[in-house]
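Engineer:
Residue numbers (this note's numbering): 818 to 1017.
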């Protein structure tokens, strides 16, 4: 890593910590006052901006009572989609115990599922739906993993079983994440660790 790259990473980490220190307390305050909180959405969008994401939306995303079904390239997808729409995400249960990331994911109403217990997903989503009454949306990445952005993997049927049938009043909206010429560079594939990928 060059000196310029180290400075860039350090600056981005500083801005991330600044966002945590300002946005998280405000989110808790809004919840304490029983107010709808858009702070997680703003947090994700601004972290995405710090990471270099410049999101352009084509079409009109539904904001509540919707399942987004999206392709998946990288952790940046979370920042882009969450910041643009306020969606929560379905994630593997192991993420819940990840330092800092798991805590932040919980603030964004992440639905955790165990891969060996797909039947529990629908129940967890129904519980989440009952608990949320503002800007409710959940994103599913049915490929079940990240790709290089050059192709789409077959959808894993268990990931979509929660939509058979969709809960009453809930729409399904397809989403395509397109990173253009940098898709292959953005993609988080192979044995690369999350930290190395984030720094890159």
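Note that CB positions come from ideal geometry on N, CA and C, so glycine has one too.
Please state whether DSSP places residue 830 in a helix, a strand or coil.
Structural biologist: helix
Engineer: Taking DSSP's pairing of strands, which residues face residue 954 in a bridge?
Structural biologist: Looking at the DSSP assignment, residue 954 forms a beta bridge with 883.
Engineer: How long is the line joining the alpha carbons of residue 915 and residue 985, rounded to whole angstroms?
Structural biologist: So the alpha carbons of these two residues sit roughly 34 Å apart.
Engineer: Taking the continuous beta strand (DSSP E) assigned at residue 915, which residues delimit it?
Structural biologist: Here residue 915 belongs to no beta strand (DSSP E), and DSSP marks it neither H nor E.
Engineer: By DSSP, does residue 875 sit in helix, in strand, or in coil?
Structural biologist: coil
Engineer: On the three-state DSSP scale, how would you describe residue 929?
Structural biologist: strand
Engineer: Ends of the alpha helix (DSSP H) at residue 787?
Structural biologist: The chain is shown from 818 up to 1017; residue 787 falls before or after that span and cannot be answered.
Engineer: When you compare the stretch 842-856 with the stretch 870-888, are there three or more beta-carbon pairs, one atom per stretch, that lie closer than 8 Å?
Structural biologist: no
Engineer: Just how far apart, CA to CA, sit residue 893 and residue 953?
Structural biologist: For residue 893 and residue 953, the distance between alpha carbons rounds to 21 Å.
Engineer: When the Cα atoms are used, what is the spatial distance from residue 880 to residue 898?
Structural biologist: In a straight line, the C-alpha of residue 880 is about 11 Å away from that of residue 898.
Engineer: Between residue 859 and residue 840, how many whole angstroms is the CB-CB distance? I'm expecting something under 8 Å.
Structural biologist: 6 Å
Engineer: If you drop the 5 nearest sequence neighbours on each side, which residues of the same chain put their C-beta closer than 6 Å to that of residue 843?
Structural biologist: 856
Engineer: Can you give me the Cβ contacts of residue 1000 inside the same chain, cut-off strictly under 6 Å, excluding the 5 residues immediately before and after it?
Structural biologist: 966
Engineer: I believe residue 912 touches residue 922 by the beta-carbon criterion, under 8 Å. Please report the beta-carbon distance rounded to the nearest angstrom.
Structural biologist: 6 Å
Engineer: Can you check DSSP and say which residues form a bridge with residue 814?
Structural biologist: Residue 814 is absent from the structure shown; the chain starts at 818 and stops at 1017.
Engineer: Using a Cβ-Cβ cut-off of 7 Å (strictly less than) and excluding sequence neighbours within five positions of residue 1004, which residues of its own chain qualify?
Structural biologist: Closer than 7 Å at Cβ, skipping near neighbours: 890, 891, 963, 964, 965, 966.
Engineer: Helix or strand or just coil, what does DSSP make of residue 894?
Structural biologist: helix
Engineer: Among 924, 878, 998, which residue has its Cα nearest to the Cα of residue 848?
Structural biologist: Taking only the C-alpha atoms, the option nearest residue 848 is 924.
Engineer: Could you tell me the alpha carbon to alpha carbon distance between residue 958 and residue 907, rounded to whole angstroms?
Structural biologist: 8 Å
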